Each structure stands twice: as structure tokens, then as C-alpha cells.
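Below is one structure; the comments refer to it alone.
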Amino acid sequence: MTGRASGRSRAGDADGTGDAGGTGERVSAERLRRLATAVLGGHGVPGDDAALVADVLVEANLRGHDSHGVARLPRICEGLGLGAIRPVACVETVRDGGAAVLLDGRRSLGPVAGVVAADRAVRRAAEHGLGVVGMRGASHLGMIGYYAERIAVAGMIGLVLTNSEPAMAPYGGAERKLGTNALALGFPTGAEPILVDMSTSVAARGKIMVAQRRGESIPPGWAVDADGADTTDPAAALDGALQAMAGAKGYCLAVAVDLLTGALTGGGVGSEVSGTFDMRRPSNKGDLLVAARPEALAGDGVFLDGAGRLMEDLRSARTRPGVAEILLPGEVERRTRTARLVSGVEVDPRLLDELRELAEPTRRRHGRP
């Protein structure tokens with residue numbers, strides 16, 4: 293999943309370049325959505341679902357997380373072509389315990405299944421105070437902050453966890469045993485939600501792939517090679533393993549995410565997980581989406597009042613030399629989104645050519661040149 297921590301200042305984010313590096317063709321968000329929708333439609337995905345998946349991907353681009361944006365489309369199309377992903381979503385309820393629900397994504401597109409699960413969690417939280425939805429077997433969800441924010445916009449506290457194919461070594465290990473196992477939290481504030489969205493690895497595998505495509509090195513500490521030695525070579529890193537963020541602490545968190553997703557839903561765990569990167573096998577990963585109604589515990593207005601006080605207190609902190617202001621989790625991404633809505637999203641020209649080629653079946657069907 294993603295190697296991102298919302299609200300953390302990173303090179304390229306504030307000016308809207310994000311992962312793209314300032315070398316691509318600028319494309320408006322609306323044009324990018326249309327292109328992504330056409331790509332998916334050309335591979336049998338119904339119109340509404342194609343538009344939803346496109347929205348999830350383009351939102352990642354807008355927020356500076358290009359590794360989880362339209363760059364994922366070729367892999368999604370590969371999965372659709374191989375049958376690892378089904379074009380028409382079929383999310384099945386396996387067990388319904390009122391506040392707790394287990395779903396089977398049955399190879400459905402992750403963003404479609406993710407919205408189904410998030411909305412189910414919100415409805416159950418409205419009824420019970422808490423809605424816990426586990427899901428197995430859906431494809432990669434994309435940027436999971438999308439679903440945490442969706443829950444927060446509904447006035448709930450949102451928690452979203454997902455595990456993924458092995459990409460990260462256990463602490464002290466030299467081989468891949470864990471996914472990047474991401475987590476996201478969304479908090480309503482009465483204004484823009486506070487959004488925390490991060491992987492448990494130092495960086496996402498997608499960011500290393502971006503560096504490889506651009507012929508750049510990666511920072512020390514991101515990954516080890518196949519022999520367990522530190523490397524700044526993205527190719528060697530992809531052959532080796534990512535490192536957990538914060539060392540042993542990130543490793544412990546990654547294990548917890550695996551247990552709360554794969555183990556809790558009956559999906560794959562650790563090195564068993566498939567279908568989030570290698571499209572030759574369907575996904576067997578697990579997802580956990582939780583919505584909590586603050587009023588059920590604290591009473592009307594108590595949480596929002598506390599959230600407001602905390603935000604005000606944090607913003608009042610004295611800054612270190614060279615730091616202009618204190619930002620809250622999610623603000624960097626929000627500002628990047630605002631900038632990119634004006635300037636457009638930078639997309640690698642080679643990727644654009646590939647996406648246009650993938651969209652050809654849709655264009656021919658509609659008689660477009």
C-alpha cells in the first residue's frame with residue numbers, strides 16, 4: 293500500500309509535484325478521470341464502477357501520491373485480463389452480526405468493494421454506535437485515506453486497515469515476509485477532517501518503482517537488497533525488501549495490521565498474501581473498515597469541541613527555525629490537491645501513451661478517433 297504519512301512535509305508536496313518529480317505532462321484532473329474511466333470501460337468495467345475507481349485513483353494523484361494513482365491502471369488491467377479481478381463487482385455478505393459484518397469481495401475491484409464496506413460501516417455505526425466491517429478477497433483498495441475520509445465526512449471516526457503482498461522484511465530480517473500493511477484514520481472536526489494515512493514501511497513499493505522508472509536512487513534506509521545489505525538502488529530494493537518505518541516499532545505495527553486484516557477476516561497473512569501486486573493470482577488479502585459515532589460515547593458535541601481545542605493548541609506551538617507554520621495531519625495533501633486542481637497532474641508521458649492505448653477499445657466503441 294502507500295508509503296505516506298498525511299501532514300508530513302515532503303519534498304515536492306507543497307508545490308504540487310508529489311511523486312511525479314516535475315518531469316511529466318500536465319493533465320487536468322477531469323481529463324485524467326475521463327481517461328481512467330475509458331481505460332476501465334474498455335476492460336469490461338460498468339460505467340458507474342469505472343468512474344468510481346477512476347475517482348479513487350485520481351484523488352491519489354491530486355494529493356501527491358502518484359504511486360497510488362493512475363499509474364496503477366496497467367496493473368489493474370492486467371488483473372482484469374487474467375481473471376484475477378472481476379470487472380463486475382460482486383461483494384457478498386458472509387456473516388452479519390449487527391455491529392460487525394464480514395464481507396467477501398470475490399475478486400471485485402478494490403475501490404468499489406471499499407466504498408461498499410465503508411458505507412456499510414457508517415450505516416451500522418449510525419444504528420449501533422460502532423460499525424466494524426471486515427472484508428477479504430477484494431483487489432487493491434488504492435489510497436485507503438479515501439475511505440477513512442469518506443467515513444469522517446459522514447460525521448464518524450474512521451479507521452481503515454489493509455494488508456498486502458510481502459514487500460517488507462521483519463525487523464532484523466533479510467527477506468520479504470510482510471506487506472506494507474497500511475492504516476488510515478479520519479476524524480470529523482466540523483470543518484476539514486483530520487486525516488492520517490500511512491504505510492508501516494518507510495516507503496511504499498510504488499515509490500521505489502517511480503524512482504526506478506526515472507533512473508533515480510532511493511534514500512538510504514528505505515530498503516535492503518536480496519542479501520540484506522542496505523541499498524539505494526531501486527532495482528536492488530525491488531529484488532530485496534523494504535524496511536519498516538521506525539524500526540522495531542513499525543514492524544510491530546505491521547504485524548498488528550496483518551492480524552486485524554488477514555487473520556480476522558479469514559484472508560491471507562504474511563507471505564501467504566497474493567493479488568495486490570502480482571496479478572497472476574487473485575487477491576486473498578484482508579481489509580478492516582471501522583466507523584465510530586462519537587456521540588455514542590462522549591455525547592453531543594464533546595468530541596468536536598475537543599478536536600477543535602487540540603487543533604488550536606497545536607497551531608499555537610512555537611516553530612523551529614526555518615519552519616513557517618505547524619500543519620495538521622492531512623493538510624499537506626489538501627494543499628497539494630488545491631494546487632493540482634489548478635495546475636493539473638504531472639503524468640509520465642510513457643504512462644499517458646500506455647493509458648491511451650488501453651483506452652482504445654472504449655474509443656472505438658464510441659466512434660472516437
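Here this note's numbering runs 292 ahead of the position in the sequence shown, where the first position is 1. Backbone N, C-alpha and C fix where the C-beta goes; we use that ideal spot for every residue, glycine too. Since this is a predicted model, take the numbers as computed values, not measurements.
Exposure label - residue 298; buried when at least 16 CB within 10 Å:
Confidence in residue 298 is poor, its pLDDT being 41 and thus under 50, which makes the residue's placement unreliable; the coordinate value appears in the next sentence. Classification for residue 298: buried.
CA-to-CA distance, residue 611 to residue 349, given in whole angstroms
A direct Cα-to-Cα measurement between residue 349 and residue 611 gives close to 35 Å.
Contact between the region 435 to 451 and the region 468 to 482: three or more CB pairs below 8 Å?
Result yes; three or more Cβ-Cβ pairs closer than 8 Å.
Grab me the residues of residue 407's own chain with a C-beta within less than 6 Å of its C-beta, minus the 5 sequence neighbours each way, in chain order.
Excluding residues within five positions, none has a Cβ falling inside 6 Å.
Out of curiosity, what's the CA-to-CA distance linking residue 347 and residue 358?
The straight-line gap separating the alpha-carbon atoms of residue 347 and residue 358 is approximately 13 Å.
Cβ-based neighbour list, residue 403, same chain, cut-off 7 Å, excluding 5 preceding and 5 following:
So the list reads 344, 345, 348, 433 and 434, once near-sequence residues are dropped.
Leaving out the 5 sequence neighbours to the left and right, which residues in its chain are closer than 6 Å to residue 355 when beta-carbon positions are compared?
Correct list, in chain order: 625, 628 and 629.
Count the other CB atoms within 10 Å of the CB of residue 294; is the residue buried (16 or more) or exposed (fewer)?
The predicted position of residue 294 is uncertain, since its pLDDT is 36 and thus under 50; a value taken from the coordinates is nonetheless stated next. Under this definition residue 294 is a buried residue.
What residues match up with residue 427 in a beta bridge as DSSP calls it?
According to DSSP, residue 427 bridges with 395 and 579.
Stretch pair the region 364 to 381 + the region 523 to 541: three plus CB contacts closer than 8 Å:
Contact between the region 364 to 381 and the region 523 to 541 is absent, because fewer than three Cβ pairs lie under 8 Å.
May I ask you to report which of helix, strand or coil DSSP gives residue 569?
Judged by DSSP in its simplified three-state form, residue 569 adopts coil rather than helix or strand.
Is the region 457 to 477 in contact with the region 490 to 505, if contact means three or more CB pairs nearer than 8 Å?
Verdict: yes, contact present.
Just how far apart, CA to CA, sit residue 552 and residue 655?
Between the C-alpha atoms of residue 552 and residue 655 there is a straight-line separation of about 43 Å.
Alpha-carbon spacing of residue 549 relative to residue 328, whole angstroms:
Answer to the nearest angstrom: the Cα atoms are 30 Å apart.
Classify residue 295 as helix, strand or coil using the three-state DSSP reduction.
Any reading at residue 295 must be qualified, since the residue scores a pLDDT of 37, below 50, and its modelled position is unreliable; no value is offered.
For residue 648, the three-state DSSP class (helix, strand or coil):
For residue 648, the three-state secondary structure derived from DSSP is helix.
6 Å Cβ shell around residue 339 - same chain, five flanking residues per side excluded:
Cβ within range, chain order: n/a, list empty.
Classify residue 563 as buried or exposed, calling it buried when 16 or more other Cβ atoms lie within 10 Å of its own Cβ.
By the 10 Å Cβ count, residue 563 comes out exposed.
Would residue 376 pass as a contact of residue 621 if the rule is Cβ separation under 7 Å?
At least 7 Å separates the beta-carbon of residue 376 from that of residue 621.
Looking only at C-alpha atoms, which of 412, 546 and 335 sits nearest to residue 387?
When the alpha-carbon of residue 387 is set against those of 412, 546 and 335, the nearest one is in 412.
What are the start and end residues of the alpha helix (DSSP H) that includes residue 625?
Secondary structure note for residue 625: its alpha helix (DSSP H) is the uninterrupted segment 623 to 635.
Inside the region 308 to 360 only - beta strand (DSSP E) runs reaching at least 3 residues
The region 308 to 360 contains these whole beta strand (DSSP E) runs: 317 to 319.
Whole angstroms is fine: what's the gap from residue 531's alpha carbon to residue 555's?
Cα to Cα, residue 531 sits roughly 27 Å from residue 555.
Tell me where the alpha helix (DSSP H) around residue 610 begins and ends.
Run containing residue 610: none; DSSP gives neither H nor E here.
Residue 618 and residue 607 closer than 7 Å at C-beta
Going by C-beta atoms, residue 618 is nearer than 7 Å to residue 607.
Measure the alpha-carbon distance for residue 505 versus residue 587 and round it to whole angstroms.
The alpha-carbon atoms of residue 505 and residue 587 are separated by roughly 48 Å.
Could you give the distance in angstroms between the alpha-carbon of residue 398 and the alpha-carbon of residue 566?
Each residue's alpha carbon lies about 14 Å from the other.
With a floor of 3 residues, list each beta strand (DSSP E) that falls wholly inside the region 455 to 529, ordered by position along the chain.
List check, beta strand (DSSP E) in window: 474 to 479 and 486 to 490.
Give the DSSP-derived three-state secondary structure of residue 442 in the structure shown.
Residue 442: helix per DSSP, three-state reduction.
Nearest-angstrom beta carbon gap, residue 651 and residue 447 [assumed within contact, 8 Å]:
Going by Cβ atoms, the distance from residue 447 to residue 651 rounds to 38 Å, so no, they are not a contact pair.
Only counting the same chain, and skipping five residues up and downstream in sequence, which positions put a Cβ closer than 8 Å to that of residue 415?
If you ignore the 5 residues before and after residue 415, its C-beta comes within less than 8 Å of the C-beta of 423, all in its own chain and listed in chain order.
Here's a check: name, in chain order, each residue in its chain whose Cβ is nearer than 6 Å to the Cβ of residue 337, leaving out the five neighbours to either side.
If the five residues before and after residue 337 are omitted, its C-beta is found closer than 6 Å to the C-beta atoms of 379, all from its own chain and listed in chain order.
Specify, as a first and last residue, the run of the beta strand (DSSP E) that residue 370 falls within.
For residue 370, there is no enclosing beta strand (DSSP E); the residue is part of the alpha helix (DSSP H) that begins and ends at 365 to 374.
Under the rule that 16 or more other beta-carbon atoms within 10 Å means buried, what is residue 579, buried or exposed?
Result: buried.
Can you give me the start and stop residues for the beta strand (DSSP E) that residue 384 sits inside?
Boundaries of the beta strand (DSSP E) around residue 384: 384 to 388.
Taking 7 Å as the cut-off, decide whether the C-beta atoms of residue 445 and residue 425 are in contact.
Contact: no.
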